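Numbering (this note's numbering), first residue to last: 531 to 1656.
One structure is given below, encoded as structure tokens.
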Amino acid sequence: MMLKDQYSINVRYQRSTRIDSDLDVSFFNGLVYHGTAAQTLGTVIDQFKQAKQSTFTITGPYGSGKSTIALLMSGLLHPNKEIRKAAKEAVGNPRECSKLYSAFELNPNKGSGWLIIRAVGGIGDPVGVIWTGIQDALKEHPNTTDLLFVSQDKPQSEVELLEYIDTLIREVTPYVDGVLFILDEMGKVLENISRQSADLHLFQDLAEKLSRASQSGVSCVFIGLLHQAMSEYASGLGIGVQSEWGKVQGRYADIPYQVSTDETLALIGKSIVGKEREDQQLPSSVLKAVEGASLKNTPEIIERLCSCHPLHPTSAMLLGPLSKRRFSQNERSTFSFLSSREPHSFQQFLEESQPGTTYRLSNLWDYLEANLEHLIINSPDGHPWSLAEDALMRVSKQPDTKDIHLELIKSIALINLFGRKHGFYANEELIRASLDQHSKEITLSAIQDLKNWSLITKRKHLSAWAIFEGADIDVSELAEAKVEQLGHDDSWIESLGYSNHVIAKRHYHEYGVLRWMSQKLIRNTGYLSSKEAFNNKDGSYASFIMIAEPMTNEASDVSMKQLSIKLSDEGVAIAYCPNLSVIKNTAIEVYALQELERELPELQNDKIAQREHEVRLVETTKALDDAFIEGFETATWWFNGRPYPKLPLSVIASDIADGLYDECPSIFNELIGRTKVSGTSVSARKKLMMAMIEDSNQEDLAIDGFPPEKAIYLTCLKNLDLHGQNEDGSFGFRIPKSGQIKSLFGAADKLIKSESESIVTLDQIFSLWKKSPYGVADGAIPVLMLAMLLSQDENLAFYDKDSTNQYVYVPDIDEVIVNKLAKSPKDIAVRYFEVTGVKRQYISSMATLASQRFDRDVPESALAIARPIVTFVHQLPQWVKVTRKLSSQTTAFRDLVLKANDPYQLLLEDFICLFGLMDTPESEHTEQIQKQLTSCLDELKSKQTELLNTFEIAIQSELGSIDETLVGQCTKVKELAADYRMQSFAQRMGSCISNKNWLINVIALVGGTPERNWNDVSLSKAKEELHEFCQRFKRISVFASQASDAEHEGAKSIALVIGDGQGAQEYVRHISISESAHSKVDEVLVHLRETMNSSGLNEDMQALALQEALKQLMTEYQPPACDIKG
531 MMLKDQYSIN
541 VRYQRSTRID
551 SDLDVSFFNG
561 LVYHGTAAQT
571 LGTVIDQFKQ
581 AKQSTFTITG
591 PYGSGKSTIA
601 LLMSGLLHPN
611 KEIRKAAKEA
621 VGNPRECSKL
631 YSAFELNPNK
641 GSGWLIIRAV
651 GGIGDPVGVI
661 WTGIQDALKE
671 HPNTTDLLFV
681 SQDKPQSEVE
691 LLEYIDTLIR
701 EVTPYVDGVL
711 FILDEMGKVL
721 ENISRQSADL
731 HLFQDLAEKL
741 SRASQSGVSC
751 VFIGLLHQAM
761 SEYASGLGIG
771 VQSEWGKVQG
781 RYADIPYQVS
791 TDETLALIGK
801 SIVGKEREDQ
811 QLPSSVLKAV
821 EGASLKNTPE
831 IIERLCSCHP
841 LHPTSAMLLG
851 PLSKRRFSQN
861 ERSTFSFLSS
871 REPHSFQQFL
881 EESQPGTTYR
891 LSNLWDYLEA
901 NLEHLIINSP
911 DGHPWSLAED
921 ALMRVSKQPD
931 TKDIHLELIK
941 SIALINLFGR
951 KHGFYANEEL
961 IRASLDQHSK
971 EITLSAIQDL
981 KNWSLITKRK
991 HLSAWAIFEG
1001 ADIDVSELAE
1011 AKVEQLGHDD
1021 SWIESLGYSN
1031 HVIAKRHYHE
1041 YGVLRWMSQK
1051 LIRNTGYLSS
1061 KEAFNNKDGS
1071 YASFIMIAEP
1081 MTNEASDVSM
1091 KQLSIKLSDE
1101 GVAIAYCPNL
1111 SVIKNTAIEV
1121 YALQELEREL
1131 PELQNDKIAQ
1141 REHEVRLVET
1151 TKALDDAFIE
1161 GFETATWWFN
1171 GRPYPKLPLS
1181 VIASDIADGL
1191 YDECPSIFNE
1201 LIGRTKVSGT
1211 SVSARKKLMM
1221 AMIEDSNQED
1231 LAIDGFPPEK
1241 AIYLTCLKNL
1251 DLHGQNEDGS
1261 FGFRIPKSGQ
1271 IKSLFGAADK
1281 LIKSESESIV
1291 TLDQIFSLWK
1301 KSPYGVADGA
1311 IPVLMLAMLL
1321 SQDENLAFYD
1331 KDSTNQYVYV
1341 PDIDEVIVNK
1351 LAKSPKDIAV
1361 RYFEVTGVKR
1371 QYISSMATLA
1381 SQRFDRDVPE
1391 SALAIARPIV
1401 TFVHQLPQWV
1411 KVTRKLSSQT
1421 TAFRDLVLKA
1431 NDPYQLLLED
1441 FICLFGLMDT
1451 PESEHTEQIQ
1461 KQLTSCLDEL
1471 KSKQTELLNT
1481 FEIAIQSELG
1491 SIDETLVGQC
1501 TKVKELAADY
1511 RMQSFAQRMG
1521 SCISNKNWLI
1531 NVIALVGGTP
1541 ERNWNDVSLS
1551 KAKEELHEFC
1561 QRFKRISVFA
1571 SQASDAEHEG
1581 AKSIALVIGD
1591 GQGAQEYVRH
1601 ISISESAHSK
1611 VDEVLVHLRE
1621 TMNSSGLNED
1631 MQALALQEAL
1641 KQLMTEYQPP
1651 ACDIKG
């Protein structure tokens, strides 16, 4: 059996009371009418009767029972006699009931009862909340159901509501004994008003109207329920506003509602339903230990402690003080603790514990640590809590630590934290009572251990134990002092550095472009004149800018409309901060904690204070972020003269984006529909763009399967009708006849044509397309740009910036242009050309020539004719583009085309000047240009072939026929040659049959210059070196052949070459000696050296003597027939 089988929580205490739904007879069963409730009710009665006070506020912590007392008063005045009877029985004191009925002039047996108007505040409009409560009250009272006609329409303003209440009171007076207004959660209404920086005219005028009505004979009472004093809700507003709120607060009699500790014990006892009760010995011991405290040692209190079982008396005793702490407000009440199923909660204890055990202070510590520590650290209790945490950490490192040591620290810490203000101190008697499961000797011994370990210390003046304060820095105290210091200026705004973004979600789903608006907080409207306010370095297209100053009467809709229109060109939506006080107070605390870290380097050496500071900073920063989110989401935003009252920010962002980028083409592709694309997307885009220039005449650009580039093609090109099948069945690029793409391309076309006398760089078009009203994603622009260029290539000339930073004309788009288009569009430019006044016959004839010459369809336009001619010249081998070994006319033609920047001028003016036709009749231009142009093109085309033929003839004259025999020789020479250049020569010569570029490779080797750098000088050098290479090749070839004829041990070939400046003589000898003969050769060599050294000849004369001796032993070399001239 577990405790859960013996104990449970009364269902009425498992949730908070709602005044708008919980009023019935059953509500009063088990209601505890304690002294605080009686005192509160008596205060209302006395002030209403004697001081004619009609408006009240009841202020107390969350879960203290304020709503319950409000419903009790409602029950006592209710028109339903059964409810009145149940309420009187709950009070249990006929004299108090009679006092109330006398004051409120109600006959409890025959009276009509009061009209009970119950409303619960929230973040919404208080006008609607109160009006709804009135409608429900009229329906509930049997005498007023017919009065619903008083107003069928909800008032639209506070003024209309007050007029409606005036009318209501006059109309209901004959039918009811009085009117009771109860506004629960009034604090939420005040918070909302505070965020809006508005005034309290509603409650000021309401108090005045109800007071006048009561004085005129109509009993009216208003009761508002608050968690804190009304003035606290205005603490973050200006001094003037706080003063106004203070005046309004004076119209309401505020009644504190603080349930005492013994009353809390009574409520706890009522809430716990069980079979067994604690015997009186332990409660008596606890009360004896706290003698002199607010909790008296009386039989009644002992009985209440007994009724709290299985809560340990010390735990039950601290729950009341605990619920009143700042960190517990709006988070936990005593009853939510009893019902909670959080880690280490009372409910979990009941489920896991056996009968006879109690929920001790150590259990309560574990619950607070697991669920509320982050709030405690950020409260005034944070410092002592951190001390206890550090003590627990240190005691766990002791080798002799036991559970009782941990229990002792937890118990001492909780008693001092939450009991000291109520007279509870951790003396030995109370500690022993809280650890009654241990013997007195064990407890005292454990206390002595903790003292010896310097973890606790004795406060002699209190005769009580406390956690030893190892920390020298009290973060809570220092932070509060810093907050007070910083709260008088606006430096906290500069310290914020707040930055966040709002995604335009709907716009993204409709257009495929991810856009976001930045969020900023500025000091005042004057900052809007600074350029820094609109500096969106984060890539956002617009900004939500919230003004950090209270909204004043001057900030009317008219002024906000005018200001938002003025700022619309900068993409700015503006609003005043609705929760300025919350943001300011939290931001100042964050700023204060940051300043403490900078000003107190010793904080790093105090682990307790450091931990407290870190936790507090994290929690406060999170609270600040939450405040920002609430402020931005609840503000009324203005953009371009239009208000957006309390709409989701993403909806506003999408609406603004729709207006700014209404001409944006819809491209739904995650790969390129963004500002920064991934490496995979860049690769796919490059492949697509290459396919666009190479296979534009193929269906789907000849992309097989479904690689990433196919997805980009479908979404960016095919779906937008930029590429597809034409009417004649061919495939190609085109400009759609309608839609956003037509508008997009039209804007670029307009820009290009407006600069027809000069070039337009592509980055200018990029910039145009990224701006409103287009807003194309950066990743998609290169693809769309290339599609536009290819669809208009008949009228656009392309230019590329060369190494001299000059833009030079390029005839066609190639891979270089594609790369630059994506990476550096400023290096690519275009120019629009339109020919007028030129004879069509000349253009037509030139188009025919170009078509025949280059075997391609050439449209009858000057740009289309010039393009293949320029392409031909640019694609010539590098040597042909620089050689001077051309005819003068061909050289001039080539240089003219290479330097051409204006294809129209080239075709229509430069050619005529070049070919000397200025004085020739225009009718003869076509024929003459065709003739001379053909001659130039033929000479350029043949020049490389002539060069190669010259070198091939030279090789044949040196080495004979270029056939398989030569290939075999090359293989042997490559194996035998020691010179790597000769090896390479033999290798390249050996590919003369299999590689069509073999001759180019040989020329590059012998000339020492790659083909791309050939010029007249390097080729002349190559011709000279070729002869030398061939001669060496032949000699090595001879040695290789002779060596193959004598492939046996000791066989060698010896060659001697003698040059005298007029030619060279070559001698050879093939030898073969045995291994045993080598020793005789060595002996002769020794004698030979001795003879030469003693001869008195220098080294040159010795070499000459050896040469003559060798000639006598060798035979003159006879070259093969192919080398004999003639």
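Even glycine gets a Cβ: it sits at the ideal position worked out from N, Cα and C.
Nothing here was measured: the structure is a model prediction, and the numbers come from that model.
Do you know offhand how far residue i's Cα is from residue j's?
{"i": "glutamate 635", "j": "alanine 737", "result": "21 Å"}
{"i": "glutamine 1458", "j": "proline 1540", "result": "38 Å"}
{"i": "glycine 1656", "j": "glycine 1589", "result": "Reliability fails at glycine 1656, whose pLDDT of 32 lies under 50, so the model's placement of it is uncertain and the value that follows must be treated cautiously. Cα to Cα, the separation comes out at about 23 Å."}
{"i": "serine 1606", "j": "glutamate 1613", "result": "12 Å"}
{"i": "isoleucine 1282", "j": "tyrosine 1337", "result": "16 Å"}
{"i": "valine 702", "j": "glycine 747", "result": "13 Å"}
{"i": "alanine 620", "j": "leucine 755", "result": "21 Å"}
{"i": "leucine 841", "j": "isoleucine 575", "result": "37 Å"}
{"i": "tyrosine 1038", "j": "isoleucine 1311", "result": "17 Å"}
{"i": "serine 1524", "j": "aspartate 1468", "result": "28 Å"}
{"i": "lysine 534", "j": "glutamine 877", "result": "8 Å"}
{"i": "glycine 912", "j": "glutamate 830", "result": "35 Å"}
{"i": "serine 1213", "j": "isoleucine 1343", "result": "19 Å"}
{"i": "leucine 1361", "j": "aspartate 1332", "result": "In the sequence as presented, leucine is not what sits at residue 1361; that position holds arginine. If you take the alpha carbons of arginine 1361 and aspartate 1332, they lie about 17 Å apart."}
{"i": "asparagine 860", "j": "lysine 854", "result": "Residue placement at asparagine 860 is poorly supported in this model, since its pLDDT is 41, which falls under 50; the coordinates are not used for a value here."}
{"i": "leucine 1123", "j": "aspartate 1357", "result": "52 Å"}
{"i": "alanine 1651", "j": "valine 1611", "result": "Residue placement at alanine 1651 cannot be trusted, given a pLDDT of 40 that sits under 50; what the coordinates show is reported in the next sentence. Near 37 Å, if we compare the C-alpha coordinates of valine 1611 and alanine 1651."}
{"i": "glutamate 872", "j": "proline 843", "result": "22 Å"}
Alpha carbons only, please: which of the options is nearest the one belonging to residue i?
{"i": "alanine 1153", "options": "Lys1248, Met1315 and His904", "result": "His904"}
{"i": "glutamate 793", "options": "Thr1210, Glu833 and Ile549", "result": "Glu833"}
{"i": "arginine 1036", "options": "Ile1523, Ala1187, His757 and Ser1284", "result": "Ala1187"}
{"i": "tyrosine 1071", "options": "Lys1350, Val1043, Asn1054 and Tyr1057", "result": "Val1043"}
{"i": "serine 1227", "options": "Phe1261, Trp1409 and Lys1415", "result": "The question names serine, but residue 1227 in the sequence shown is asparagine. Nearest of Phe1261, Trp1409 and Lys1415 to asparagine 1227, Cα basis: Phe1261."}
{"i": "serine 1029", "options": "Gly1056, Val1145, Lys981 and Asp1155", "result": "Asp1155"}
When the distance is taken between beta carbons, is residue j closer than 9 Å to residue i?
{"i": "methionine 1222", "j": "leucine 1247", "result": "yes"}
{"i": "methionine 1090", "j": "tryptophan 1022", "result": "no"}
{"i": "valine 1503", "j": "phenylalanine 1563", "result": "yes"}
{"i": "serine 1094", "j": "asparagine 1170", "result": "yes"}
{"i": "proline 609", "j": "asparagine 559", "result": "no"}
{"i": "alanine 783", "j": "tryptophan 775", "result": "no"}
{"i": "alanine 1103", "j": "isoleucine 1075", "result": "yes"}
{"i": "leucine 795", "j": "glycine 850", "result": "yes"}
Task: Stretch-stretch touch, CB-based, cutoff 8 Å, three pairs: the segment 1292 to 1303 with the segment 1187 to 1194 - done: yes
TODO: Please specify which runs of the alpha helix (DSSP H), each continuous and at least 4 residues long, are wholly inside the segment 1086 to 1136, giving them in chain order.
DONE: 1087 to 1097 and 1110 to 1129
Open item on the list: If contact is defined by three or more beta carbon pairs under 8 Å, each pair taking one atom from either stretch, is the segment 960 to 976 in contact with the segment 907 to 925?
Closed with: no
- [ ] Quick one: which unbroken beta strand (DSSP E) runs of 3-plus residues sit fully inside the segment 829 to 868? Chain order, please.
- [x] none
- [ ] Please list the segments of the alpha helix (DSSP H) lying wholly inside the segment 1498 to 1536, counting only runs of 4 or more residues, in order along the chain.
- [x] 1510 to 1520
TODO: Output the residue ranges of the alpha helix (DSSP H) runs that lie fully inside the segment 1176 to 1240 and measure 4 residues or longer, sorted by chain position.
DONE: 1179 to 1190 and 1209 to 1224
Open item on the list: Could you check whether the segment 1227 to 1236 touches the segment 1195 to 1214, counting it as contact only if at least three pairs of C-beta atoms, one from each stretch, sit closer than 8 Å?
Closed with: no
- [ ] Would you check if there are 3 or more beta carbon pairs closer than 8 Å linking the segment 934 to 944 to the segment 970 to 988?
- [x] yes
Open item on the list: Tell me whether the segment 1395 to 1402 and the segment 1414 to 1434 touch, counting them as touching only if at least three CB pairs, one residue from each stretch, are closer than 8 Å.
Closed with: yes
Open item on the list: Assess contact between the segment 919 to 934 and the segment 948 to 963, defined as three or more Cβ pairs (one per stretch) separated by less than 8 Å. Is contact present?
Closed with: no
- [ ] Count the CB pairs spanning the segment 1104 to 1112 and the segment 1132 to 1144 that are closer than 8 Å, and state whether there are at least three.
- [x] no
TODO: Jot down the residue ranges of each uninterrupted alpha helix (DSSP H) in the segment 708 to 764, minimum 4 residues, whole runs only, in chain order.
DONE: 716 to 725 and 731 to 745
Task: the segment 1199 to 1206 touching the segment 1236 to 1247, judged by at least three CB pairs closer than 8 Å - done: yes
Open item on the list: Below 8 Å, how does it come out for the segment 1438 to 1447 and the segment 1513 to 1530: are there three or more Cβ pairs, yes or no?
Closed with: no
TODO: With a floor of 3 residues, list each beta strand (DSSP E) that falls wholly inside the segment 1238 to 1271, ordered by position along the chain.
DONE: 1253 to 1255 and 1261 to 1263
Task: Any 3 or more C-beta pairs closer than 8 Å across the segment 600 to 614 and the segment 652 to 668 - done: no
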